[in-house]
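Undergrad: Below you will find the structure I want to go over with you.
Chains as they are written, first to last, in the working numbering: chain P, 1 to 475; chain X, 1001 to 1254.
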């Protein structure tokens, strides 16, 4: 099993998304609110820039000493009674989780939101193994009812409006909600999920942090569903990427201050829970077994290449909330598990560049994502690195390759360039009516949605030379 | 007037050269007024950004070496574009970092390369006097200039001294217009949707003029405003600051 192919028809998916006015309303509601709240939270946090620098330093330190912290984490988690598993790939990770579920004779598993679980294709693996899965995050519950994938890493169902959710609940809840105001709908979801929480054999969660010096895993939510997923079942399984390590609880909190502000604009999530081993003698509740599956899935390869800085990512979603492309096309158009700028860097790692070449290209390089990134990942630089690789591996369309090549060959010969540009602008002028050209051959992409200003009759270099030799001047 | 200031190599950029030379002459005028000795090296073509952003590093490096050789004799390199200045400032040193000969030369050129309005304010401390334009205007922060070079206060400072000019705030002034170089042609649906939203925000200001510091962004926004039937007129900020905005706006018949 590998990540689904995102390449097939990126442009078609993007065009369909743009043509959907409801989607745009949904995207603007959520990302617009997130943008405003983040700005307010950052403004109110006077040491934000220092905190960012510290967050970056913490992640860089862990990445530079990953082997040390992985060993420390394994030792301490094992000492706390958890069992640590290592998975090199997505398929291996799923096989481990399915095996643990089978050993526990699990009929029903509950799952709290985890992008890593999506990345490794866990929902499909559980379905293939015939194990019933109940998503307990409200948004994940919505998209499970809809049979969809997350469209955002923080708000998986952000592409759906409240009205659309009402339809899903009316069909998928037993009994259906009695009314469709938010409070009644949430109550209906609680009712629906409560029986799952109490009857699940296994609870599966992700981890926002893996704390090396205690062996604990940390989850943050606003709904409390992670606690109900991880505590009542007999078995708790954590799936986490190896980049989630932090040296200590204090470091987890340093990153948490950045994560929550950047994601939702809050100061702290409603629930921040450290899970350290299974139930101990005398504990009132907790799982009998705790398993932690540490997933590589391309991460150790990133350690060695130009995408190493991407391992700092703490999955806050700020880059996509502030991305002009994401805000037009939403998450599904990207085709991968992770959308937006961070997804455009990660999807080629996970699915291969050949199948995701469009993602790093479909970016204006405006730099806003890097500006808001809480751990200072230079996202445009990383996207450009993919473009470079795509060019070297000859994955770009031949028309573009020849076009750029020809243009560069001319631009490297200034005299030829001056001749060609002079001739070119005079040719272009003949296409215009009034001051504008409404249809450009070879650049229909431009004139498909906007007019092109007719160039002046002579180039700057021509006019300047004429002026210098006293023959004329600027028009 | 004999110039007493530094010698400046003016890089007009390929778009200004081909589409709107007036911006180049406005830049020239501002530099000369500020006392600079200005030269226009004939070897200039393009900074290589289309190749750079397409991942074509070999062609970009060839163009970078051409630009470095042409402009390194001057005290400063000045461009009427934050995006092209950003490429020379950040792109060249990044691309040629490991080249023992060109790496240091790229870093040296980077250190003396400036966008025109930030050059006037930050380096020369020069504010043109006696400018007058009876109009209302709104200003879009072009992304490369804003984020790569920190151009934000300088144009506003200079526009504030233009008598008669009423500046109106633009909602989402620091949000990309959707130009993105080759992006706007390669992903024209997405680019079109982004610039449509930008055009709506511009129209909501009710301003007579749209000003920005990069011709690529301006052509994108002006072209969309025209397609929407809007009457907003578009100028490069340099044209207003140089007192050259009394002529035709972008797309107006010359």
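C-beta: ideal position from N, C-alpha, C; glycine also.
In this text the structure is predicted, and so the values were computed from the model without any measurement.
Measuring only the C-alpha atoms, how far is residue 444 (chain P) from residue 87 (chain P)?
TA: For the purposes of this step, residue 444 (chain P) is taken as residue 444 along the first chain, with counting starting at 1. For the purposes of this step, residue 87 (chain P) is taken as residue 87 along the first chain, with counting starting at 1. Distance between the alpha carbons of residue 444 (chain P) and residue 87 (chain P): 48 Å.
Undergrad: Assuming residue 1194 (chain X) and residue 1170 (chain X) form a contact by the criterion Cβ under 8 Å, report the distance between their Cβ atoms to the nearest whole angstrom.
TA: As a position in the second chain, residue 1194 (chain X) is number 194, starting the count at 1. As a position in the second chain, residue 1170 (chain X) is number 170, starting the count at 1. So it is not a contact: roughly 15 Å between Cβ atoms.
Undergrad: Check for me: the beta strand (DSSP E) holding residue 1037 (chain X) runs from which residue to which?
TA: In the second chain, residue 1037 (chain X) corresponds to position 37, counting from 1. Looking at the DSSP string, the run of the beta strand (DSSP E) that includes residue 1037 (chain X) is 1037 to 1039.
Undergrad: If contacts are defined as beta-carbon pairs under 8 Å, then residue 425 (chain P) and residue 453 (chain P) qualify, I think. What distance do you get, rounded to the angstrom?
TA: Counting from 1 along the first chain, the entry for residue 425 (chain P) is found at position 425. Counting from 1 along the first chain, the entry for residue 453 (chain P) is found at position 453. Rounded, the Cβ-Cβ distance is 11 Å, inconsistent with contact.
Undergrad: Leaving out five residues before and five after residue 331 (chain P) in sequence, what residues of the same chain have Cβ atoms less than 6 Å from its Cβ?
TA: Counting from 1 along the first chain, the entry for residue 331 (chain P) is found at position 331. The answer, listed in chain order, is 151, 152 and 339.
Undergrad: Which residues in chain P have a C-beta closer than 8 Å to the C-beta of residue 1219 (chain X)? List them in chain order.
TA: Taking the first residue of the second chain as 1, we reach residue 1219 (chain X) at position 219. By Cβ distance, chain P contributes 452 and 453.
Undergrad: DSSP on residue 251 (chain P), reduced to helix/strand/coil?
TA: Residue numbering aside, residue 251 (chain P) sits at position 251 when the first chain is read from its first letter. Helix.
Undergrad: In the region 352 to 375 of chain P, which residues sit with their C-beta less than 9 Å from some C-beta in chain X, listed in chain order?
TA: 358, 360, 361, 362, 363, 364, 365, 366, 367, 368, 370 and 371
Undergrad: At 4 residues or longer, what runs of the alpha helix (DSSP H) sit wholly inside the region 389 to 456 of chain P?
TA: 398 to 411, 414 to 429 and 444 to 447
Undergrad: Which stretch, first to last residue, makes up the alpha helix (DSSP H) that contains residue 18 (chain P)?
TA: Within the first chain, residue 18 (chain P) is the residue found at index 18, counting from 1. 10 to 18 is the extent of the alpha helix (DSSP H) around residue 18 (chain P).
Undergrad: Since residue 477 (chain P) and residue 350 (chain P) are thought to touch, with beta carbons under 8 Å apart, how far apart are those beta carbons, to the nearest angstrom?
TA: For residue 477 (chain P) there is no data in the structure shown, the boundaries of chain P being 1 and 475.
Undergrad: Can you pull the chain P neighbours of residue 1183 (chain X), defined as C-beta to C-beta under 8 Å?
TA: On the second chain, residue 1183 (chain X) is found 183 positions in, with the first residue counted as 1. Around residue 1183 (chain X), the beta-carbon contacts reaching into chain P at under 8 Å are 361, 362, 363, 364 and 365.
Undergrad: Could you please tell me which residues of the region 318 to 338 of chain P, in chain order, have their CB closer than 7 Å to any CB of chain X?
TA: 324, 325, 328 and 329
Undergrad: So residue 237 (chain P) packs on residue 293 (chain P), CB below 8 Å; how close in whole Å?
TA: Within the first chain, the letter at position 237 stands for residue 237 (chain P). Within the first chain, the letter at position 293 stands for residue 293 (chain P). Contact flag correct, Cβ pair sits at about 7 Å.
Undergrad: Quick check on the DSSP output: what are the complete alpha helix (DSSP H) runs of length 4 or more inside the region 1084 to 1116 of chain X, in order along the chain?
TA: 1092 to 1095 and 1102 to 1111
Undergrad: Does the CB of residue 474 (chain P) have a neighbour CB from chain X at under 8 Å?
TA: Position 474 of the first chain holds residue 474 (chain P). The pLDDT assigned to residue 474 (chain P) is 47, lower than 50, so where the model puts this residue is not dependable, and the model offers no usable value.
Undergrad: When you compare each of P:199, P:217 and P:285 to residue 207 (chain P) by their alpha carbons, which one comes out closest?
TA: Along the first chain, read from residue 1 onward, the residue named residue 207 (chain P) stands at position 207. Closest by alpha carbon: P:217.
Undergrad: Starting from the Cα of residue 300 (chain P), find the closest Cα among P:291, P:311 and P:229 and give me that residue.
TA: Here the question's residue 300 (chain P) lines up with position 300 in the first chain. When only C-alpha atoms are compared, the closest one is P:311.
Undergrad: Give the straight-line distance between the Cα atoms of residue 174 (chain P) and residue 98 (chain P), rounded to the nearest whole angstrom.
TA: Looking up residue 174 (chain P) in the first chain gives position 174. Looking up residue 98 (chain P) in the first chain gives position 98. For residue 174 (chain P) and residue 98 (chain P), the distance between alpha carbons rounds to 28 Å.
Undergrad: Pick out whichever of X:1077, X:1198, X:1109 and X:1213 has its Cα sitting closest to the Cα of residue 450 (chain P).
TA: Sequence index remark: in the first chain, residue 450 (chain P) carries index 450 (1-based). Nearest option by C-alpha distance: X:1198.
Undergrad: Tell me, which residues are paired with residue 1167 (chain X) by DSSP?
TA: Counting from 1 along the second chain, the entry for residue 1167 (chain X) is found at position 167. Paired residue(s): X:1137.
Undergrad: I want to see whether chain X comes within less than 8 Å of residue 384 (chain P), judged by CB atoms only; does it?
TA: Within the first chain, residue 384 (chain P) is the residue found at index 384, counting from 1. For residue 384 (chain P), the closest Cβ of chain X is nearer than 8 Å.
Undergrad: State the start and end residues of the unbroken alpha helix (DSSP H) segment that holds residue 226 (chain P).
TA: In the first chain, residue 226 (chain P) corresponds to position 226, counting from 1. Counting along the chain, the alpha helix (DSSP H) containing residue 226 (chain P) begins and ends at 225 to 230.
Undergrad: Taking 6 Å as the limit between beta carbons, can you name the residues of its chain near residue 7 (chain P), skipping five residues before and five after?
TA: By one-based count along the first chain, residue 7 (chain P) stands at place 7. Confidence in residue 7 (chain P) is poor, its pLDDT being 43 and thus under 50, which makes the residue's placement too unreliable to answer from.
Undergrad: Residue 1194 (chain X) versus chain P: which residues are under 7 Å apart at the beta carbon?
TA: Residue mapping note: residue 1194 (chain X) aligns to position 194 of the second chain, counting from 1. Neighbours of residue 1194 (chain X) on chain P, chain order: 324 and 328.
Undergrad: Roughly how many whole angstroms lie between the Cα atoms of residue 1177 (chain X) and residue 303 (chain P)?
TA: Reading the second chain from its first residue, position 177 is the one you call residue 1177 (chain X). Reading the first chain from its first residue, position 303 is the one you call residue 303 (chain P). Distance between the alpha carbons of residue 1177 (chain X) and residue 303 (chain P): 35 Å.
Undergrad: Residues of the region 1063 to 1092 of chain X in Cβ contact with chain P at a cutoff of 7 Å, in chain order, please.
TA: The residues in question are 1063 and 1066.
Undergrad: Is there a Cβ from chain P that is less than 8 Å from the Cβ of residue 1152 (chain X)?
TA: Your numbering for residue 1152 (chain X) matches position 152 in the second chain. Residue 1152 (chain X) does not count as touching chain P.
Undergrad: Under 8 Å between beta-carbons, which chain X residues line up against residue 456 (chain P)? List them in chain order, please.
TA: Along the first chain, one-based indexing puts residue 456 (chain P) at 456. Neighbours of residue 456 (chain P) on chain X, chain order: 1019, 1020, 1021, 1022 and 1254.
Undergrad: Any idea if residue 1081 (chain X) is buried or exposed, counting beta-carbon neighbours within 10 angstroms, 16 or more meaning buried?
TA: Counting from one through the second chain, the residue named residue 1081 (chain X) turns up at place 81. Residue 1081 (chain X) comes out buried.
Undergrad: Quick one, which residues of the region 1050 to 1063 of chain X are near chain P if we go by CB-CB under 7 Å, in chain order?
TA: 1050, 1051, 1053, 1054, 1055, 1056, 1057, 1059, 1062 and 1063
Undergrad: Near residue 348 (chain P), which residues of its chain fall below 6 Å by C-beta distance, leaving aside the five closest residues on each side in sequence?
TA: Counting from one through the first chain, the residue named residue 348 (chain P) turns up at place 348. Counting only Cβ-Cβ distances below 6 Å, and skipping sequence neighbours, we find 356 and 386.
Undergrad: Hey, residue 1088 (chain X) and residue 1067 (chain X): beta-carbon distance below 8 Å or not?
TA: To locate residue 1088 (chain X), count along the second chain from 1; it is residue 88. To locate residue 1067 (chain X), count along the second chain from 1; it is residue 67. The answer is yes: Cβ separation under 8 Å.
Undergrad: I'd like the list of long-range same chain contacts for residue 1099 (chain X), defined as Cβ closer than 7 Å, with 5 residues on each side in sequence excluded.
TA: The residue given as residue 1099 (chain X) occupies position 99 in the second chain. Result list for residue 1099 (chain X): empty, nothing under 7 Å.
Undergrad: How long is the line joining the alpha carbons of residue 130 (chain P) and residue 192 (chain P), rounded to whole angstroms?
TA: As a first step, residue 130 (chain P) must be located in the first chain, where it is residue number 130. As a first step, residue 192 (chain P) must be located in the first chain, where it is residue number 192. Each residue's alpha carbon lies about 21 Å from the other.
Undergrad: Whole angstroms is fine: what's the gap from residue 67 (chain P)'s alpha carbon to residue 305 (chain P)'s?
TA: Within the first chain, numbered from 1, the residue matching residue 67 (chain P) stands at position 67. Within the first chain, numbered from 1, the residue matching residue 305 (chain P) stands at position 305. Their Cα atoms are separated by approximately 17 Å.
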